[in-house]
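If you want my numbering, it's the 1-based position in the sequence shown plus 667. Heads up, the beta-carbon is just placed ideally off N, CA and C, and yes, glycines get one too. Note sheet for the following structure.
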Amino acid sequence: MGNISEIFELGHKLSTGIENRLGMSRRDYLQFCATLAATMGLAKGADAAVAKAIESAQRPSVIWLHFQECTGCSESLLRAEHPTLEKLILDVISLDYHETLMAAAGHQAEAARKAAMKAHKGKYVLVVEGAIPIKDNGIYCKIGGHTAIDLLKECAADAAAVIAIGSCASWGGMPSSGGNPSGASSVGEVLGKPVVTIPGCPPNPYNFLATVVHFLTFGKLPDVDQLGRPKFAYSRLIHEHCERRAHFDAGRFAMEFGDAGHRQGYCLYKLGCKGPETYANCSTIGFGDAGENNWPVGCGHPCIGCTEKGVGFTKPIHMVAKLANVSPPQQYPRIVEENGKGASFAAAAALAALAGAAAGGATMLARNLGKSHALQQAEEAKADQPAATKTEA
Ligand code: FSX
Ligand code: SF4
Ligand code: F3S
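Below, the structure is given as structure tokens:
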């Protein structure tokens, strides 16, 4: 947190501003900014800067293009709830052109895009959703009579920043799978230069929001890896922070959907989970903001590696993953402890912090401990039951 007077002053401003705009309490808003700052791995005190930037910075104009895709990226932003993520996004940016959301159509829509580009020349953020088909001079995707190739180049020329959202725009994604009949290509390939990519099919809306807020707060996009992915979100393997990891290390696997192992939440590696070769933060921040464990593996389906070029939409879903790192992490507890009552969530998180674990590691440690306790309690309750009433697990 920043210093007290800064926060007080900010809180006062917010009580008449953002609180009304977003329909969220001041406390929730500041908490949300702190979470966002932590998601981005920013230093202590950055949450106040983030809150100030969202509150007072001029909303950047955003031009959002759609090419070869399913609109899942936009849908995932708009379907997010609690605390009204879509409201926050639409409040943080000025969405001046978005084919799915704008009321205008036809020539009116084209005029809106041109007007936004002229009014915010050199300052707008270009967000691209979908791959760009380049085969046969790009004739497989045209809007307003222009190919996706021409539209992308035209809009990128005067943009302050370009963000490729979703796996399609980031590396070709689903449209590039199989024989790639239309030559579906990434934004970076068509522009011939690296851009920030937020892969995922669809990507997590928090990663998009955090990237935009970073731009708003610091005037630049966040640090990225060699594939253009923000490091704060894509620097760790899913397998390293998976709630089922202790099962993997103990050799407990679901062998079929619906078998006893699957019902007990065992590791999905043998069903083809690509967590061991996929970099993303799905396991630590959850997905779609719809509650605990709301991510593919949390729901019982193997990760298909949707954020990872060469894995998602390329490797068969149920093919066993390549293990990048087989060493079990030191900080994970056993799923069922043999002795004692175990630590509280807070103590577990503090322990992980003391051990120098990343925020994601602390979250997973706390979660795993919680699960191990719940499972332990269930087993103890079962052991206490009279033999006649015991049921099959
Ligand atoms: Fe769909 Fe977006 Fe997948 Fe692609 O997300 S969810 S096909 S990544 O471009 O709309
Ligand atoms: Fe989790 Fe998949 Fe790794 Fe198993 S293989 S621990 S389910 S990421
Ligand atoms: Fe995609 Fe795997 Fe995350 S399928 S949403 S990268 S868990």
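Distance CB(residue i)-CB(residue j) smaller than 8 Å
i	j	result
Ala783	Ser728	yes
Cys808	Ser834	no
Ile801	Gly850	yes
Gly895	Val863	yes
Phe875	Leu744	yes
Phe1064	Ile832	Since the first and last residues shown for the chain are 668 and 1060, residue 1064 lies out of range.
Gly797	Ala826	no
Pro963	Met707	no
Tyr901	Thr974	yes
Leu883	Ile721	yes
Val759	Val879	yes
Val978	Lys941	yes
Met986	Gly918	no
Ile810	Leu818	yes
Pro870	Leu904	no
Phe920	Cys934	yes
Ala713	Ala704	yes
Glu923	His914	no
Gly972	Asn961	no
Arg911	Gly932	yes
Pro861	Gly855	yes
Cβ distance (whole Å) where residue i is taken to contact residue j below 8 Å
i	j	result
Thr951	Cys970	Actually they do not touch by this definition, with Cβ atoms about 13 Å apart.
Leu732	Val795	5 Å
Ala776	Glu766	7 Å
Pro872	Trp838	Between Trp838 and Pro872 the Cβ distance is about 19 Å, and since that is not below 8 Å, they are no contact.
Phe899	Ala927	So it is not a contact: roughly 38 Å between Cβ atoms.
Ser761	Arg726	4 Å
Residues bridged to residue i [DSSP beta-bridge criterion]
i	result
Tyr946	Leu904
Glu796	His733, Ile832
Phe655	The question about residue 655 has no answer here: the residues shown for the chain are numbered 668 through 1060.
Lys809	Thr814
His765	Trp731
Ala851	Pro800
Thr864	Ala831
Val891	Pro897
Heavy atom of the ligand ZN within 7 Å of residue i beta-carbon
i	result
Ser834	As far as ligands go, the structure on display features the ligand FSX, the ligand SF4 and the ligand F3S and does not contain the ligand ZN.
### Task
For the ligand SF4, enumerate in chain order all residues having a CB closer than 6 Å to any of its heavy atoms.
Counting only heavy atoms of the ligand SF4, the residues whose C-beta sits closer than 6 Å to one of them are, along the chain, Ile905, His906, Cys909, Arg911, Arg912, Phe915, Cys934, Leu935, Tyr936, Cys940, Gly942, Pro943, Val964, Cys970.
#### Entry: Sequence ranges, beta strand (DSSP E) only - wholly within the segment 956-988, length at least 3
none
### Query
Which runs of the alpha helix (DSSP H) fall wholly inside the segment 689-733 and span at least 4 residues, in chain order?
Within the segment 689-733, the complete alpha helix (DSSP H) runs of at least 4 residues are 693-706, 713-723.
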